[in-house]
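Chains as they are written, first to last, in our numbering: chain A, 1 to 281; chain B, 1001 to 1297; chain C, 2001 to 2330.
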Amino acid sequence: MSTTIAPTMRVETRRQPLPPRERLERIFSIEGLDAVYSGKPAVKNVTMEVYKNLVTAIIGPSGCGKSTFIRCLNRMNDLIPGFTQTGTIRYHGQDICASNIDPVAVRRNIGMVFQRPNPFPKSIRDNVAWGMNVLGIKDNQEERIERALTQAALWDEVRDRLKASALSLSGGQQQRLCIARAIAVEPDVVLMDEPASALDPIATQAIEELMHNLKSEYTFVIVTHNMQQAARVADMTAFFSISQGSEGQRFGELIEYDATEKIFTAPSDKKTEDYVTGRFG
Amino acid sequence: MSAQGLTGPNLRHDRLPRRRAVNRLMETLAWIAAAIAVGILGVVIFSVARHALPALNFNLITKDPIQFSLTNAPQGLRNAFVGTIVIVGIATLMALPVGILVAIYLNEFAPASIRNAVTMVLDVLNGVPAIVIGIFVFGLFVVGRGQSGFAGSFALACLMVPLVSRSTMEILALVPNSLREASLGLGVPHWRTTLSIVLPQSVGGILTGTVLAVARVAGETAPLLFTSSLVGTQTSWNPQHALQTIPVAIFELSESPDPADHARAWAAALVLLLFILFTSLGARWLANRNRSKLAAR
Amino acid sequence: MTSADLTADATRRPFTGRRLRFGDAVLQVVAGAAALAVTVLVGLIVWKVFEQAWPAIQKYGLAFITRVAWNPVLGRELYGAGSFLFGTVVTSLGALLLAAPLAMGIALFLTELAPKALRGPVTALVETLAAIPSVVLGLWGILVLGPVLRSTVEPWLHSAFGFIPLFGEPSSAGASMFTAIIVLTIMILPIVSSISRELFLGVPHDLKEGALALGTTRWEMVRGVIFPYSSGGIAAALILGLGRALGEAIAVTQVIGGGVSIQWNLFAGGDSLASKIAASYQGATSNLETASLIYLGAILLVFSLIVNVVAQWIVRRSARKHGITRGGHA
Chain A
1 MSTTIAPTMR
11 VETRRQPLPP
21 RERLERIFSI
31 EGLDAVYSGK
41 PAVKNVTMEV
51 YKNLVTAIIG
61 PSGCGKSTFI
71 RCLNRMNDLI
81 PGFTQTGTIR
91 YHGQDICASN
101 IDPVAVRRNI
111 GMVFQRPNPF
121 PKSIRDNVAW
131 GMNVLGIKDN
141 QEERIERALT
151 QAALWDEVRD
161 RLKASALSLS
171 GGQQQRLCIA
181 RAIAVEPDVV
191 LMDEPASALD
201 PIATQAIEEL
211 MHNLKSEYTF
221 VIVTHNMQQA
231 ARVADMTAFF
241 SISQGSEGQR
251 FGELIEYDAT
261 EKIFTAPSDK
271 KTEDYVTGRF
281 G
Chain B
1001 MSAQGLTGPN
1011 LRHDRLPRRR
1021 AVNRLMETLA
1031 WIAAAIAVGI
1041 LGVVIFSVAR
1051 HALPALNFNL
1061 ITKDPIQFSL
1071 TNAPQGLRNA
1081 FVGTIVIVGI
1091 ATLMALPVGI
1101 LVAIYLNEFA
1111 PASIRNAVTM
1121 VLDVLNGVPA
1131 IVIGIFVFGL
1141 FVVGRGQSGF
1151 AGSFALACLM
1161 VPLVSRSTME
1171 ILALVPNSLR
1181 EASLGLGVPH
1191 WRTTLSIVLP
1201 QSVGGILTGT
1211 VLAVARVAGE
1221 TAPLLFTSSL
1231 VGTQTSWNPQ
1241 HALQTIPVAI
1251 FELSESPDPA
1261 DHARAWAAAL
1271 VLLLFILFTS
1281 LGARWLANRN
1291 RSKLAAR
Chain C
2001 MTSADLTADA
2011 TRRPFTGRRL
2021 RFGDAVLQVV
2031 AGAAALAVTV
2041 LVGLIVWKVF
2051 EQAWPAIQKY
2061 GLAFITRVAW
2071 NPVLGRELYG
2081 AGSFLFGTVV
2091 TSLGALLLAA
2101 PLAMGIALFL
2111 TELAPKALRG
2121 PVTALVETLA
2131 AIPSVVLGLW
2141 GILVLGPVLR
2151 STVEPWLHSA
2161 FGFIPLFGEP
2171 SSAGASMFTA
2181 IIVLTIMILP
2191 IVSSISRELF
2201 LGVPHDLKEG
2211 ALALGTTRWE
2221 MVRGVIFPYS
2231 SGGIAAALIL
2241 GLGRALGEAI
2251 AVTQVIGGGV
2261 SIQWNLFAGG
2271 DSLASKIAAS
2281 YQGATSNLET
2291 ASLIYLGAIL
2301 LVFSLIVNVV
2311 AQWIVRRSAR
2321 KHGITRGGHA
């Protein structure tokens, strides 16, 4: 495929080259995932793998089911009435969609940061501490709080006003607080659903920086509508697009999933190429 | 959504089984609470129906009660049924215009400070216990003059005004401003706009609010004890005298030791209950329909 | 008045600014008078009640409020509100203690747990509970609930927990403060639960998701997010329920049994301020007795006004607090 893409997209990245696929450890193994809201399909037949300690980006046009897909990974769609799904999502080998799996346990290990910051109406400290208290992480709490806030690149800004209300922070700070809250309970995976879409460029940069620094401890899966962001932070990128069914219904499908370099410089599928070169979407 | 957590490397559980048990306990308690509420409703209605059916016959509304009855001569509560119709009817005639006018003033004319103040007054009025209203009207109209249906109606009207006002205000607020502006823009004066455009749109909502208020006061006893309770057994349609009412009749019969009296109390209670239930539910159903009609515009 | 007429009117009389039309003035005055009348009415209520209570207020002063006595015997008349104040407090607080958890449970059921098909019907059913007139509930209380409680629950509680003074010897009739508490609980349950239900529905969805995404159970989310968020409103709901319980005269007087003393046994009879008025009013012989009963009413009125104003203040304060919900996206 043409390589005209590389010169038009100059993106600063600190991404290291990927080790060969066989040496990557699989965290998620998704097979034939179909997600349906009250009879209307959202995504169909998604099959892919997510690897440990990498940043995996999900990109695609609006309505292609990216959010739906990522919410399947921690069973958050269970909260939506009328939602059903088929297929398997294996997390460390176990199908988390099986009926005998408790979503509470799933979410304990797979955390999520949402599109709009949603800190609790409590103090900054209590936002981070609440999850730990409920889940029973009682030892060294103050240290853990400091560590989480530091990792979320927020500590310096809030260290002397931990008792202040979380709602007094700016949007970017609130989102970093939500990230701190999520990593304070030490999950295995952190899912991010367009975490920077409501934020300004500086806050966005802080969050991307954070993902890069924390990769070694957590696995990130991030949904983003911003291609440059994916090109900057992601190791692997999955491109979803909208397809039309035989009866005219529109749903999302995974088109291509590969190392980010490849997706943006030499995609295999024409649809991918059209999207990343801006010809549509 | 049962059983195990996940197992495997790197996966933490942190006393999950205990937390899950607590969660299930709380969910069960919530289900039980809802069941209790529904259960009580069922028990009360069933109980009233069960005790009322033996005594339920047309005598209830066609015959007057007999004082100190030693025979089994048929008696009923006709005076109470008639009295309730008269007193509640007059109360509605008193409360409806006042309630609507207050709502119009607050919604269409009043500056924010007055609106807040009067709304607070309405809420305070709503919170005055019915028995205190009874004492009030007693002092206002009964002292020196004697009890009367009018006094009873006035007392019930005091209870109705906040209800009618509040529901009318809600419905007036639902009428889109664009409608008012269209009319005012044509040069139609404010008062005409309100009466010819805004009010007709609100009739449905005002009606349901009134019906709900009627359902509420039809069962009120305390204010009537002070204003219209010293009655004979004869049926009268004249509100200048004290008239018997269903709630007061039930109250008096319930305190009597005579089981025959209890039977009539149950029968009257069933009629009252059914009337209130049907009007309340009917009005609420109408209100929901109106709201969705207005919202769909 | 067709639109043709209107436009013609407009050209003939050009708009002259803020000249008040006669019709506008009339409507405003009439409607404003209604609003004024309602305000005056409340003042009038307070005045008339205190005016009729005045003979007793003059004779007994504020000591009336705490005195435990009610002796209508001519020549030895002595009245006091003490035991009725106690009865009001015990029955209202008792009802609140029972109704609060039940109402929370119902509200949580309706907002978090119930299958979609059940929500509407159960909500309607709980609100229907509020529509039952107090005299009917009282009738059921005397003739059905009271005897049942007297023969089953009260003896059991007495034998199991009789060492607690609350659960003393059940009285001979079916009437007791305990029955009154149960009846009052039934009456205030719908108010507290429907307000709570609306509060819980108002908790932002993304706050709830934020909590659940951490791996907490639903109950933990309720405790950590829903309750704190709604706490102001719940307080107001409880206070409104309390106000309702305070003022209830009819159902309470039918089931409470009567009594003039301060004692802790819930299974004995007693009276609240409202129930005493309803019970003794028609049989009052002397002017002093009547004035004393109305003095009870005045105390009740003051109580309700305080409760009402406090509830409104709480609602206003929590509305303001949630005005600054989601902080600025700087």
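Where is the CB? At the ideal position from N, CA and C, for every residue including glycine.
Only a predicted model underlies this, so the values are computations on that prediction, with no experimental measurement involved.
Does the beta-carbon distance from residue i to residue j come in below 8 Å?
i	j	result
A/Pro195	A/Leu167	no
B/Thr1193	B/Leu1184	yes
C/Glu1997	B/Gly1205	There is no way to answer for residue 1997 of chain C, as the model of chain C reaches only from 2001 to 2330.
B/Gly1187	B/Leu1272	no
B/Val1048	B/Ala1269	yes
C/Val2046	B/Val1161	no
A/Val33	A/Gln85	For the record, residue 33 of chain A in the displayed sequence is Leu; it is not Val. Yes, these two residues count as a Cβ contact at 8 Å.
B/Thr1221	B/Pro1257	no
A/Gly252	A/Ala105	no
B/Thr1227	B/Gln1067	no
So residue i and residue j are supposed to be a Cβ contact under 8 Å. How far apart are they, rounded?
i	j	result
A/Ile179	A/Val113	5 Å
C/Ala2095	C/Leu2184	4 Å
A/Leu191	A/Gln175	A/Leu191 to A/Gln175, Cβ: 14 Å. No contact.
C/Thr2217	B/Arg1015	Not confirmed; about 11 Å, so no contact.
A/Gly60	A/Ser241	6 Å
C/Gly2258	C/Gly2269	5 Å
C/Ala2100	C/Leu2238	6 Å
Which first and last residues belong to the alpha helix (DSSP H) in which residue i is found?
i	result
C/Ala1999	The structure shown does not extend to residue 1999 of chain C, since chain C is modelled only from 2001 through 2330, so no value can be given for it.
A/Glu143	Gln141 to Gln151
B/Asn1059	Asn1059 to Thr1062
B/Met1160	Gly1149 to Leu1174
B/Leu1224	Ala1222 to Thr1227
A/Asn109	Pro103 to Asn109
B/Ala1111	Contrary to the premise, residue 1111 of chain B reads as Pro rather than Ala in this sequence. Premise fails: B/Pro1111 is in no alpha helix (DSSP H) and is neither H nor E.
B/Arg1078	Arg1078 to Ile1104
Apply the 10 Å Cβ neighbour rule to residue i and answer buried if 16 or more other Cβ atoms are within range, or exposed otherwise.
i	result
A/Glu186	buried
C/Ile2277	buried
B/Val1143	exposed
A/Thr272	buried
B/Ser1002	Reliability of the predicted coordinates at B/Ser1002 is poor, the pLDDT of 35 falling under 50, and the value obtained from them is presented with this limitation in mind. Exposed: under 16 other Cβ atoms inside 10 Å.
B/Thr1092	buried
C/Ile2314	buried
C/Arg2012	Any reading at C/Arg2012 needs caution, since the residue's pLDDT is 42, under 50, leaving its predicted position unreliable; the model's value is listed next. The residue is exposed, with fewer than 16 neighbouring Cβ atoms inside 10 Å.
A/Val276	buried
C/Ala2330	Bear in mind that a pLDDT of 28 at C/Ala2330, under 50, signals an unreliable position, so the number given afterwards is only what the model happens to contain. By the 10 Å Cβ count, C/Ala2330 comes out exposed.
B/Leu1053	exposed
C/Glu2248	buried
A/Gly111	buried
C/Phe2022	exposed
C/His2205	exposed
C/Lys2048	buried
Looking at the secondary structure, which residues open and close the beta strand (DSSP E) in which residue i lies?
i	result
C/Ser2083	Run containing C/Ser2083: none in the beta strand (DSSP E); it sits in the alpha helix (DSSP H), Gly2082 to Leu2108.
C/Thr2066	First-last for C/Thr2066: undefined, no H or E at that position.
C/Val2030	C/Val2030 -> not in any beta strand (DSSP E); alpha helix (DSSP H) instead, spanning Phe2022 to Tyr2060.
A/Leu254	Arg250 to Ala259
A/Gln244	Met236 to Gln244
A/Pro41	Lys40 to Tyr51
Inter-stretch contact (C-beta, 8 Å, three-pair minimum) for the stretch 1143-1153 of chain B and the stretch 1118-1133 of chain B: no
Sufficient close CB pairs (3 or more, under 8 Å) joining the stretch 2098-2118 of chain C to the stretch 1044-1058 of chain B: no
Cβ contact (3+ pairs, closer than 8 Å) linking the stretch 33-49 of chain A and the stretch 60-80 of chain A: yes
Stretch pair the stretch 2162-2176 of chain C + the stretch 2222-2242 of chain C: three plus CB contacts closer than 8 Å: no
Three CB pairs or more closer than 8 Å across the stretch 2275-2294 of chain C and the stretch 2171-2178 of chain C: no
Three or more C-beta pairs below 8 Å linking the stretch 2062-2077 of chain C and the stretch 2210-2225 of chain C: no
Cβ contact check for the stretch 44-55 of chain A and the stretch 206-219 of chain A: 3 or more pairs under 8 Å: yes
Touching by the beta-carbon criterion (3+ pairs, under 8 Å), the stretch 2193-2207 of chain C and the stretch 2101-2111 of chain C: yes
Contact between the stretch 1073-1084 of chain B and the stretch 1236-1255 of chain B (3+ Cβ pairs under 8 Å): yes
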